[in-house]
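Asker:
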Amino acid sequence: MNTPLRVAATLSLAVLLGGGGYWAGTNDLGTRLGLHVVEQALATPAASVIAPSGAVIYYRHPDGLPKFSATPTNAEDGRPFVAVHASEDVSFADAASNPVETDPAMASSGAAPSKGKLLYYRNPMGLPDTSKVPKKDSMGMDYIPVYEGDQSDASTVKVSLGKLQRTGVKTAIAEMASISRKIQVPGTVTLDERLVSIISMRTDSFVDDVADVTTGDHISKGEKLFGFYSREIATAASEYAAGRSDARGNGDAGSALRLKNLGVPQEVIDAIGNTRQVPTSIAYVAPRDGIVLERMATTGMMAKPGDVLFRIADISNVWVMADVPEYDLAAVHDGAEVNVTVRSLPGRTFKGVVDLIYPQVDMQTRTTKVRIELPNPDGMLLSNMYADVEIEAGAPKPVVAVPNSAVVDTGDRQVVFIDKGDGKFEPKDVKLGVRGDDSTEIRQGVAAGDKVVVSANFLLDAESNLNSALSAMTEEAKP
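Reading the sequence shown from the start, the letters are residues 1364 to 1842 in the numbering used here.
(1) Measuring straight from C-alpha to C-alpha, what distance separates residue 1547 and residue 1773?
(2) Less than 8 Å between the beta carbons of residue 1566 and residue 1586, yes or no?
(3) So is residue 1519 buried or exposed if we call it buried at 16+ other beta carbons inside 10 Å?
(4) Is residue 1564 buried or exposed, if buried means 16 or more other CB atoms sit within 10 Å of its CB?
(5) From the DSSP output, in three-state form, read off residue 1656 for me.
(6) Whole angstroms are fine: how far does the CA of residue 1790 sit from the CA of residue 1908?
(7) Residues in the same chain with beta-carbon distance under 6 Å from residue 1431, minus the five sequence neighbours each way, listed in chain order, please.
(8) DSSP three-state label for residue 1794, please.
(9) Figure out for me which residue from 1441, 1419 and 1544 has the closest Cα to the Cα of residue 1694.
(10) Can you find the residues in the same chain that come closer than 6 Å, C-beta to C-beta, to residue 1650, ignoring five residues on each side of it along the sequence?
(11) Could you check which residue in 1643, 1602, 1600 and 1443 has the C-alpha nearest to that of residue 1572?
(12) When burial is assigned at 16 or more other CB atoms within 10 Å of the CB, is residue 1738 buried or exposed?
(13) With burial defined as no fewer than 16 other Cβ atoms inside 10 Å of the residue's Cβ, what is the status of residue 1689: buried or exposed?
(14) Evaluate the contact criterion for the segment 1664-1676 versus the segment 1631-1643: three or more CB pairs, one atom per stretch, below 8 Å.
(15) Sorted by chain position, which residues of the same chain lie with C-beta nearer than 6 Å to residue 1767's C-beta, five sequence neighbours on each side aside?
(16) By the three-class DSSP mapping on this structure, what secondary structure does residue 1632 have?
(17) Below 8 Å between beta carbons: does that hold for residue 1554 and residue 1678?
(18) In whole angstroms, what separates the C-alpha of residue 1761 from that of residue 1711?
(19) Going by DSSP in three states, residue 1505 sits in which element: helix, strand or coil?
(20) Shortest alpha-carbon distance to residue 1600 belongs to which of 1590, 1728, 1623 and 1583?
(21) Which term fits residue 1503, buried or exposed, when burial requires 16 or more other beta carbons within 10 angstroms of its beta carbon?
(22) Please look up how many angstroms separate the CB atoms of residue 1735 and residue 1757, rounded, as I've assumed it's under 8 Å.
(23) Short check: CB of residue 1717 to CB of residue 1698, under 8 Å?
(24) How would you call residue 1508, buried or exposed, if buried means at least 16 neighbouring beta carbons within 10 angstroms?
(25) Would you call residue 1568 buried or exposed, if buried means 16 or more other Cβ atoms sit within 10 Å of its Cβ?
(26) Can you give the beta carbon distance from residue 1449 to residue 1427, rounded, assuming they're within the 8 Å contact cut?
(27) Put residue 1571 into one of helix, strand or coil per three-state DSSP.
(28) So is residue 1794 buried or exposed if we call it buried at 16+ other beta carbons inside 10 Å?
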């Protein structure tokens, strides 16, 4: 047989064998003849292969490519997409970092735990994008399924253990604590109004002798300031002296009281009563220790009633008037400790307390005067000095406090996230009180002992807002 005939015979035999094999396979000839066909070994044992159950929820590409369809369709080469039943749906849970124990009976039966009705798939990066079928974002990340049970509280955020570690979520315990912070404001040193004395006459008088003291001099209590003569005082003193000599008690009381009302010092009145003589010039002495702020008395002058002759101030204690902004007033209270420094006295700190908060706010500066009382035994603090004031402000009694980083302030609302456990975080609208250097008072919304989020809470807030928005979209989409 020549070569062309051999080739033709070989091709004919191959066609016959191939056609026969195909006919035998399609007509299950092996089973009819009692033959056992060995299948190719699979990665999964045949005993674990479970028939899909449930409704068809979508269709996937036959080659496993990230292409899905909600309706039956074909690939580019004409092959149909593979139907995916409810029991075959993929799981997006972070199983590696948060393993979940399953019921052995459920595992043996192959039934998946019920999660409720699948509503939609949302963007894994928190973008406002949803899909009715599984898909991937531009970075290749799977969209996250949202079930009906997850919508019971749309604002609550659920995060797996692995994601908690990756995002750096940290918590702290809300506790009862006294909150304090320092308010730094400018101030001015002023005299204590209660320690200022004005020397004036109550009747027409002639100043005949003035002591050698000038403005700025220190003066002691009882030191002579000037001598004076007054006709009205001399008449009353004569009556008093005569009354004492005649032993008329009523006259003594009346004359002495008149001298006192005319401003005659008590020492002079006692001397007249003892000597029964009226001095030609009466000495006026300093009523307190202090410095001479003003001297208007001059030898030979006539002083009218009410004329200021001397002004003396005791500077052993002074005031500092501080301008506190209106928004800080709630944190300032009477008795708060204050540290005062003066630029002209570097290295020295004066300690005092808040003595008074004035009941008015300046219309231009929106500040309130706060009076601080300071001891000044060495007289270093002078009137009208500029001062830097540091007030220890805050809540004097223990209050519910959380770290400052726990409060998410959007301007319109203040939110604190409560750790409910199992990766669940619930946002709570709170009312704030005093804000300290490290902690903030919570007047409503959080109780002592609650576990609050202090780190990565802005991510949780974005997730909570997204959940609320998606929940609203889902409600609107319902018929």
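Heads up, the beta-carbon is just placed ideally off N, CA and C, and yes, glycines get one too.
Answerer: Inspection of the coordinates gives the following:
(1) 26 Å
(2) no
(3) buried
(4) buried
(5) strand
(6) With the chain covering only 1364 through 1842, there is no way to say anything about residue 1908.
(7) 1421, 1423, 1496 and 1497
(8) strand
(9) 1544
(10) 1560
(11) 1643
(12) exposed
(13) exposed
(14) no
(15) 1803
(16) helix
(17) yes
(18) 32 Å
(19) strand
(20) 1623
(21) exposed
(22) So it is not a contact: roughly 17 Å between Cβ atoms.
(23) yes
(24) buried
(25) buried
(26) Rounded, the Cβ-Cβ distance is 19 Å, inconsistent with contact.
(27) strand
(28) exposed
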